[in-house]
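Enquirer: Chains as they are written, first to last, in full-length UniProt numbering: chain S, 1 to 614; chain P, 1 to 614.
No residue lacks a Cβ here, since even glycine has one placed at the ideal position from N, Cα and C.
Dropping a structure here in C-alpha cells format, bear with me for questions.
Take a look at the structure:
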C-alpha cells in the first residue's frame, strides 16, 4: 500500500520534513496548513520539491469549523474555502480534510450539516477537489465516524467522503467494525496514529501523546483490517502529534514512522489471511526471534578491574580473540567479552554489543534490513567468522549468533583457547538473565518498537521508577519464554539539570545460588553496591519472612521481591564507567525485574563513591 | 506559622533535602518513607542531622492500605504499623500519616474503618505517636475529608485526627468551607500543594503536576483560611510531586517553595483581616508594583550593529555613562542601554537587565528580599546613583528606578548628555510594550511565582506555541493597567535534541504608527524578519480586511491579529545573538501578544541566515 505521513509528525522546516519523508521511503505526504503558512517557499515550490522527491501531496489539512452554521455564516465559510482551494491548486493537492466543527456557533442539525457540506463539495468539484470529512473525537456535535458517515450519505455528493482517523475512533472506544458497512470508495482517506493508554482528556491526549502504530496501546491493525474489508485502497497515512517527536530529528523520526507502517502492514496481512483485501500489502520477511543471549561485550579502556570483578563472580577467561584486543569470559552459558581495543569511551566502560542466539542469523539481518535498521558490514576481517549484526537505536550493536552449532560458523571460533585454571569450585552463574539499556530520552518509543518489530520481542508495561534526580521510565521487552529479556530505561523528562549521568547500562546474570555468589564476591574482597540498613527495616515491615532469612538478606546486601508467581533476589556490583552487573535469582515463576527495588539501587548508585569512576 | 516541606518535594539524597530545607528557612520536614528507606544514614543519624539544622521532623508518611479490612487481615496491618512506630521512635517523629485505603481488600464499612483506626491509634499512643488520617482523592471508599472526619469522629481516640491536603480536597472540587466545622485540634496536619488545571485523571495529575501554592490554579489560600478558622495552629507543610522539581536543584526548589509559603501567608492574612485566626501569620512588606519600563539593557560585544538598528528604528543616542561603556538611546519613553563593557556573552548580544519604574525602589527591594530574591549590591561606585536591584530567576537584573523624579536620584544622572543630532522626523515609538524572557526549562513555575509575588504582577493564561523544533510554553505576567508586561517562554519538554537555541529574548517596542516605523527601517536599508507570502495568503482567508490593507501588510511584512477588543500589528527585526526587537501597535483595546503569529516568527527565525550570528 502507498505510505504517507503528515508533515506535522516531523520536526523542522517544511523542506526538512519532505526530505525526511522521502529518505524514509514514503511516497506521499499530508501537508499540515501551519507548516505551509510558516514556510517561505511558495506552494508551487513545495509542489515542485515534493514532485522532485517522488512524493505525492495527498491531503491538505485541516479545514475547521465549517459545517452546520446558521445560514448567514455560510458565506464566510465558503469564502475561506475558496482561498484554500486556490492554495491547493497551487500545491497540486486534490483532497481537503474538513474536521467536524468544534465551534459554539455550530448547530446540532445533521440535515443542515449535510446541506452545507454538499455546497462545499460542489464548490470543491469545480476545482477538481474532494472533501474528506472527519469526526474529531471532541467535535461539538459530530464526534464519531458513523455520525459523520450519516451526514456524508445524506449530503450525497461524489466529491464528499470520509476521512477516518484511528486515534479519533479508538480513543473514544467507538467500535471500529462498523467501518465495514461503509462503501470503500466513500472512505477518501485513512489517518493512523496510536497512543499509550493515559488517564486524561482525549484532546490533551491527542495533542501531546500520539505515537506511531505499534508504540501505543490502540488496536490500529484491527482498525486497518476493518477499513480494508470496506474496500478502501487509498494510502496509509500517519498523523501524529507528539511532544517528543516534535523535538527529535526529522530523518530519524521518519524512519521510525516507516518502520511502524511496515510492521503494521505485516500485522494486518496476518489478520486478513487469504482475504483478497490483503492483496496490496507488502510483507517483510518474518521476524526471527532470538532464543537467548550469546554474549554481552563491554568496551573498556582498562580490562584489569573488570577482569577482577568477573573473576570474583566466578567467571573464567576462556579465550582471546585471534587478532583483536578482546577476551572471552565464561561461566555456565553466560559469556562476557572485554574489549579494550575499541575507541575509548569518555565515561569509561560501556556495554557496546550484545550477542543474541538466533535460529537464523542471515534471516534475522534480512528482517532488520526490511525494517530499516542499520545493518553492520558483514565482513570486517577475512579471517573471522562472518558477522550478522545490526545497530539498535541507542547505538548498541546486536549480533545474531549460533554459538557452537555445526550448521553455522561460530563467533567463538575467532577466539583462541586461553583457559585459565578453573577455580576450585565452579561458580553458580548460569546465564545472562537480562540486559538493561538506557535510551536517549527522545528514542524510547522508537526503541520499544524496534525490539518488538525487528526482533519479535514483546513489550511489557511501562513503569515509573523514582530516581533521586527525577523519575525514570522503564519498559522491558522479552521473548515469550523469557530467553531474551531487555530492560529499556529513560529519563522521564528530557535531560537532568544536575550533571549526574543516568545513562547506566547493566548486565544481569542469573545465579542458581545467589547467596553463594554474594559470598564468593565478598570472599574475593569486593563489596557489592551497599544497601541501606533502612531498606531491611522496611523489608521486615513489608514481608513476614523467617528471621533467619531477613538476617541473611541483610548480611549479604541482597534485595528481595515477590509476586504471585515466586520470589526474586538480587544484588549489584558497584558501577564502573557506565556499566555494572546485577546478579539475580528467580525462585519459582517470578516474572519481573525487581522494579520495587530500583529506587534503592539508584539512590545507592548516586551516593556510591565509585559511581562516576572510570 | 511554622513552615515545613515534605522531603519528596526536593531532589537528591535525604541529606541534600534536609540541607536545602534548612537553607531556605524551613523549621520542619515531613519524611517521605521512600527517602529514608533508600538512605544510608540510620534514623538516629537523620534525627541528629535534622536537629543540628534546627529542623523538626513533623510527620512520617505514608502508611497505606490499613483500614477497613476483613478482620483476618488486621493483624498483618498492625504488625506493619509496629515496624513503622519503631522507625518513628528512632527518627523522633510523633505523627504518622495514614492514607485512606486504595486496596481492593478494603470494605466499604465506616464502622469497621473507625474500629480498626481506633485500634491503630491505641497502639500508636503506646509509643506517644498520633495518627493523621487523610482522604486520598482516589481512595477506594474514602475520598473526601468530610468522610474521613466522620470516621475519625466515630473512632473517637485522642491519638487519631485528620491530615488535610489542599490538593486532595480542591482537585476533587470538594467544598473546603466545611473544614470550619471540624474542631481545630482534630486537624493534626495540613499539607499544601497547588496544581495547574489539567484535563486528566486526578491520580496522574497529582503524581506529576503538583506545584507550590500560587503556581497553579487552586485556591489554596482560601482553604488555609478555612483551616485556620477551624482553629488549626500546626505547621503549613508543602507536599509536591512534580516531574520537573524532581529533576531540579534542591536548594533552588526549596527557596521557591519558601517564597510560595510566604506569599501564601500574606494572602491568607489579607483574607482573614482582623480575625484572631490571623494572629500567627508573619507578613512580609507589601508588594511595590512597578508602573512601567525605565529601560532595557543589552549587553553586546559589538554595539555598532545594534546602534545602527536603533538608529534605523528612530532612536537617538542621548547619553554616555560617565565611567562605564554604556550608551543610552531614547525614543519617546522607550530607553535602551547598550553595554559593551560587561563580560562577553558567548552567544552575542543578550538582554541583561530591565529597569522598572517603581513608586519606591527601596521598598521594592525590601519586598524582594523578604521573598528570598537575590538583592544586588546597592553601591557599585560612589559616584553613581545608588542601585535598587534584584536578580530575576533567569539571571536578568531588575532595577527599580524613578526616572527623572525629584524625590529620588535618577539613574539617568549617571549619563552625561551626549545628544546626537535628532533625525529630521522624530520616530513613532512611544515606549516599551513588553519584554520577553526565555526561562531555563526547570524554572518556569518559579519564574511566574517570582513575578507574581515579588513584583505583584498578574499571571495570564499559559499558552502552547508550536516551534518547528518543539512546543514552547508561554505565559505573560503584567500589571493591572498593562504598564509592565513580561512574556515568559520555555521549551515544552526539557531540552531540544537539535542544537538550535531557543533561548531568544526580545524587547517589544510600541509604535503609534507601525507602518511609518516599518518604512523607516526599510528606508535605512535594514530588512525586518521576513514573513512568508503564504502567511498573507492565509491571512486573506482568515480575515476579510480591505484589499488595500492586505496589500500594505504584505508589502511591509507586518503580522496581524484581532481580538474582541481591537487589532494588533507587529513585525520583528532579525536576531542578533540572543536578542531581537519586536515593533507592535495596539489598536483599540487588544490585550494579547499576537500568539497566533508566534509560530510564523519562530519558523522564520530558525531559517533566517542571521538567527545564529553574534
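Look at the Cβ atom of residue 64/P, then the Cβ atom of residue 98/P, and state whether they are nearer than 9 Å.
Expert: Sequence index remark: in the second chain, residue 64/P carries index 64 (1-based). Sequence index remark: in the second chain, residue 98/P carries index 98 (1-based). Cβ distance < 9 Å, so residue 64/P and residue 98/P count as in contact.
Enquirer: What does a CB cutoff of less than 8 Å around residue 540/P pick up in its chain, not counting 5 residues either side in sequence?
Expert: To locate residue 540/P, count along the second chain from 1; it is residue 540. These residues qualify, in order along the chain: 550.
Enquirer: Determine the DSSP secondary structure at residue 321/P, reduced to helix, strand or coil.
Expert: Here residue 321/P corresponds to residue number 321 of the second chain, with the count starting at 1. It is a strand residue.
Enquirer: Near residue 366/S, which residues of its chain fall below 6 Å by C-beta distance, leaving aside the five closest residues on each side in sequence?
Expert: As a working mapping, residue 366/S is identified with position 366 in the first chain. Once the five neighbours on either side are set aside, the close Cβ partners of residue 366/S are 285.
Enquirer: Got a sec: is the Cβ-Cβ distance from residue 486/P to anything in chain S below 9 Å?
Expert: Taking the second chain and counting its residues from 1, one reaches residue 486/P at position 486. Cβ-Cβ to chain S under 9 Å: no for residue 486/P.
Enquirer: According to the Cβ coordinates, are residue 435/S and residue 508/S closer than 9 Å?
Expert: Taking the first residue of the first chain as 1, we reach residue 435/S at position 435. Taking the first residue of the first chain as 1, we reach residue 508/S at position 508. Cβ atoms of residue 435/S and residue 508/S: closer than 9 Å.
Enquirer: Determine the burial state of residue 613/P: buried for a count of at least 16 other Cβ atoms within 10 Å of its Cβ, exposed for fewer.
Expert: Taking the second chain and counting its residues from 1, the one referred to as residue 613/P is at position 613. In this prediction, residue 613/P scores a pLDDT of 35, lower than 50, which makes its location untrustworthy; no coordinate-derived value is stated.
Enquirer: What's the call for residue 260/P, buried or exposed, on a 16-neighbour Cβ count within 10 Å?
Expert: Along the second chain, one-based indexing puts residue 260/P at 260. Label assigned to residue 260/P: buried.
Enquirer: From residue 179/P to residue 189/P, what distance separates their C-alpha atoms?
Expert: As a position in the second chain, residue 179/P is number 179, starting the count at 1. As a position in the second chain, residue 189/P is number 189, starting the count at 1. Going by the C-alpha atoms only, they are around 13 Å apart.
Enquirer: Tell me which residue opens and which closes the alpha helix (DSSP H) that residue 83/S is part of.
Expert: As a position in the first chain, residue 83/S is number 83, starting the count at 1. Taken as a continuous stretch (DSSP letters only), the alpha helix (DSSP H) holding residue 83/S covers 71-91.
Enquirer: Less than 9 Å between CB atoms is the rule here; does residue 200/S satisfy it with respect to chain B?
Expert: The chain inventory of the structure shown lacks chain B, comprising the protein chains S and P.
Enquirer: Buried or exposed: residue 177/S, going by 16 or more other Cβ atoms within 10 Å of its Cβ?
Expert: Taking the first residue of the first chain as 1, we reach residue 177/S at position 177. It counts as exposed.
Enquirer: Looking only at C-alpha atoms, which of 231/P, 202/P, 139/P, 142/P sits nearest to residue 184/P?
Expert: Position 184 of the second chain, counted from the start, is the residue given in the question as residue 184/P. When only C-alpha atoms are compared, the closest one is 231/P.
Enquirer: Taking the beta carbon of residue 411/S as the centre, do at least 16 other beta carbons fall within 10 Å, making it buried, or is it exposed?
Expert: Working through the first chain from its first residue, we reach residue 411/S at position 411. Buried.
Enquirer: At the level of alpha carbons, what is the spacing between residue 597/P and residue 532/P?
Expert: Taking the first residue of the second chain as 1, we reach residue 597/P at position 597. Taking the first residue of the second chain as 1, we reach residue 532/P at position 532. Answer to the nearest angstrom: the Cα atoms are 12 Å apart.
Enquirer: Starting from residue 466/P, find everything on chain S with Cβ-Cβ shorter than 8 Å and list it in chain order.
Expert: Indexing the second chain from 1 puts residue 466/P at position 466. Correct list: 34, 246.
Enquirer: Out of 57/S, 16/S, 39/S, point me to the one whose CA is closest to residue 4/S's CA.
Expert: Indexing the first chain from 1 puts residue 4/S at position 4. It is 57/S.
Enquirer: To which residues of the same chain is residue 16/P closer than 8 Å at the C-beta, ignoring the five residues directly before and after it?
Expert: The count along the second chain starts at 1 and reaches residue 16/P at position 16. Once the five neighbours on either side are set aside, the close Cβ partners of residue 16/P are 10, 250.
Enquirer: Taking the alpha carbon of residue 55/S as the point to measure from, which residue in 85/S, 218/S, 2/S, 105/S has its own alpha carbon closest?
Expert: Indexing the first chain from 1 puts residue 55/S at position 55. With distances taken between Cα atoms, residue 55/S lies closest to 2/S.
Enquirer: Report the option in 314/S, 398/S, 347/S, 377/S whose CA atom is closest to the CA atom of residue 522/S.
Expert: Position 522 of the first chain holds residue 522/S. Measuring from the Cα of residue 522/S, the nearest candidate turns out to be 314/S.
Enquirer: Quick check on DSSP: helix, strand or coil for residue 471/S?
Expert: To locate residue 471/S, count along the first chain from 1; it is residue 471. Three-state result, residue 471/S: strand.
Enquirer: Decide yes or no for the touch test of the region 104-112 of chain S against the region 123-138 of chain S: beta carbon pairs closer than 8 Å, at least 3 of them.
Expert: With the cut-off at 8 Å, the region 104-112 of chain S and the region 123-138 of chain S do not touch.
Enquirer: Rounding to the nearest angstrom, what Cα-Cα distance links residue 409/P and residue 400/P in this structure?
Expert: Your numbering for residue 409/P matches position 409 in the second chain. Your numbering for residue 400/P matches position 400 in the second chain. Whole-angstrom Cα-Cα distance: 12 Å.
Enquirer: Name the two residues that bound the continuous beta strand (DSSP E) containing residue 416/P.
Expert: What you label residue 416/P is simply residue 416 of the second chain in a count that begins at 1. Element bounds for residue 416/P: 415-417.
Enquirer: Unbroken alpha helix (DSSP H) runs of length 4 or more, entirely within the region 233-318 of chain P: which are they?
Expert: 243-247, 250-272, 303-312, all fully within the region 233-318 of chain P.
Enquirer: Please check if any C-beta of chain S sits within less than 9 Å of the C-beta of residue 3/P.
Expert: For the purposes of this step, residue 3/P is taken as residue 3 along the second chain, with counting starting at 1. Not an interface residue.
Enquirer: Are the region 412-419 of chain S and the region 296-308 of chain S touching, with three or more C-beta to C-beta distances below 8 Å?
Expert: Verdict: no, contact absent.
Enquirer: Do you know how far the Cα of residue 6/S is from the Cα of residue 92/S?
Expert: In the first chain, counting from the first residue as 1, residue 92/S sits at position 92. In the first chain, counting from the first residue as 1, residue 6/S sits at position 6. Approximately 16 Å between the Cα atoms of the pair.
Enquirer: Can a CB atom of chain S be found closer than 9 Å to the CB of residue 203/P?
Expert: Within the second chain, residue 203/P is the residue found at index 203, counting from 1. By this cut-off, residue 203/P is an interface position.
Enquirer: Could you compute how far the alpha carbon of residue 569/S sits from the alpha carbon of residue 603/S?
Expert: By 1-based counting over the first chain, the position of residue 569/S is 569. By 1-based counting over the first chain, the position of residue 603/S is 603. Between residue 569/S and residue 603/S, the C-alpha separation is close to 18 Å.
Enquirer: Which chain S residues are close to residue 83/P, counting only those with a beta carbon under 9 Å from its beta carbon?
Expert: For this step, residue 83/P is matched to residue 83 along the second chain. Those are 537, 538, 540, 541, 542, listed as they occur along chain S.
Enquirer: Quick one: does residue 497/P have its CB under 9 Å from some CB of chain S?
Expert: The residue given as residue 497/P occupies position 497 in the second chain. For residue 497/P, the predicted structure reports a pLDDT of 43, less than 50, and the residue's modelled location is therefore unreliable. The matter cannot be settled from this model.
Enquirer: Under 7 Å between beta-carbons, which chain P residues line up against residue 471/S? List them in chain order, please.
Expert: The count along the first chain starts at 1 and reaches residue 471/S at position 471. The answer, in chain order, is 243, 246.
Enquirer: Can you tell me whether residue 645/P is buried or exposed? The criterion is at least 16 other CB atoms within 10 Å of its CB, across all chains shown.
Expert: Nothing about residue 645/P can be reported from this structure: the residues present for chain P run from 1 to 614 only.
Enquirer: Listing by chain order, which chain S residues have their CB less than 7 Å from the CB of residue 119/P?
Expert: Position 119 of the second chain, counted from the first residue, corresponds to residue 119/P. The premise fails here: residue 119/P is roughly 17 Å from chain S at the closest Cβ pair, so nothing lies under 7 Å.
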